[in-house]
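A short worksheet on the structure shown next.
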Amino acid sequence: LVVAAISYSQTGSYPQVRAWQQATAQTPGLLARALDPQAQPLNEEEMARLALGLRTRLQNDAGNVEGWLMLGRTGMVLGNAGTATGAYANA
1 LVVAAISYSQ TGSYPQVRAW QQATAQTPGL LARALDPQAQ PLNEEEMARL ALGLRTRLQN
61 DAGNVEGWLM LGRTGMVLGN AGTATGAYAN A
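For the sequence shown, position 50 matches number 50 in this note's numbering, and the numbering has no gaps at all.
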């Protein structure tokens, strides 16, 4: 049972859940950097984490127009037309 649990934690969905949790926790800092013209621009990986964090936030705050607009811009930068158009439609 212990071997199965360890194996699952390494190959199952745990790494994906952990990545989601990290992205959610990093969202405020990434968002602040994205909005600060003096800050170092986000790289593609950071933009992807920001998009994931924004989508998570917007699940609980669907009326946040600025959040949807930011998700739309992030989707455009990442070349993800589906994310961008969906976000702009919700804005």
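A virtual CB, placed ideally from N, CA and C, is assigned to each residue, including glycine. Since this is a predicted model, take the numbers as computed values, not measurements.
The region 60-73 / the region 11-30 touching (three or more Cβ pairs under 8 Å): no
C-alpha gap between Q35 and S13, whole angstroms: Note that residue 35 is Leu in the sequence shown here, rather than Gln. Answer to the nearest angstrom: the Cα atoms are 32 Å apart.
4 or more residues per run - each alpha helix (DSSP H) lying fully within the region 6-67: 14-35, 44-60
Own chain partners of L52 with C-beta closer than 7 Å, once the 5 adjacent residues on each side are dropped: W20, A23
Neighbourhood of V17 by C-beta distance below 6 Å, restricted to the same chain and skipping five residues each side: none
Cβ-Cβ distance between L30 and E46 below 8 Å: yes
Which listed residue (T83, A81, T74) has its alpha carbon closest to that of E44: T74
Run of the alpha helix (DSSP H) containing N90, from where it starts to where it stops: 81-90
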